[in-house]
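Shown next, in structure tokens, is the structure this report addresses.
Numbering (this note's numbering), first residue to last: 122 to 330.
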């Protein structure tokens, strides 16, 4: 599979924001208008993440998701607040082609498993947010970086792929929005633990990155 460059858009309060290390969000504008820009730029795919849904204990904003998906000329992956297979079904009906599962996977892998069995592994992306620990390893986080998890990175990658995830999106929280480059060591570690396609996120700032 050839490499892809995928814009990742962050939703907050029905608007788009840019964050730095999952904090210091800056408002970018109306999501539908931004999507139209990426239509013009002929992006191959978009990832849309509602960064508050899980922490606020609510599901996806299906009305907004449907509106955004209706404007897209490219496949859209959506994550944020997905807790049940019913959420997945509604998102697919909204025009979403892939669901991004993060926090829910730490509670149960059933959502990934059911989505993969029904729509195929290519429709399921497992997202993993990490921070580097003071001892050099990586700690995993859910709920937009607010809930630390005890599971090891390699074990979690193996588990989500075994459950049916067709892609793994891995994001170093401390690189988010810094434009200082990807955590290449992190990406190498994840790729070494799976043959499933890996999406690197966090730190992109140039073509060289």
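Yeah, the Cβ is synthetic: ideal placement off N, Cα and C, and Gly gets one too. Quick caveat: nothing in here was measured; it's all calculated off a predicted structure.
- Within the model, the alpha-carbon separation for residue 246 versus residue 150 is close to 26 Å.
- Separation of the CB atoms of residue 236 and residue 251 is rounded to 23 Å, and the pair is thereby denied contact status at 8 Å.
- Separation of the CB atoms of residue 146 and residue 133 is rounded to 6 Å, and the pair is thereby assigned contact status at 8 Å.
- Judged by beta-carbon spacing, residue 177 lies beyond the 8 Å limit of residue 153, meaning their Cβ atoms are not closer than that value.
- Here residue 200 carries a strand assignment [DSSP, helix/strand/coil].
- Here residue 194 has 160 as same chain residues with Cβ atoms under 6 Å from its own Cβ, once five neighbours each way along the sequence are excluded.
- Cβ atoms of residue 299 and residue 324 come within 8 Å of each other, at about 6 Å.
- Taking 8 Å as the cut-off, the Cβ atoms of residue 148 and residue 155 do not count as close.
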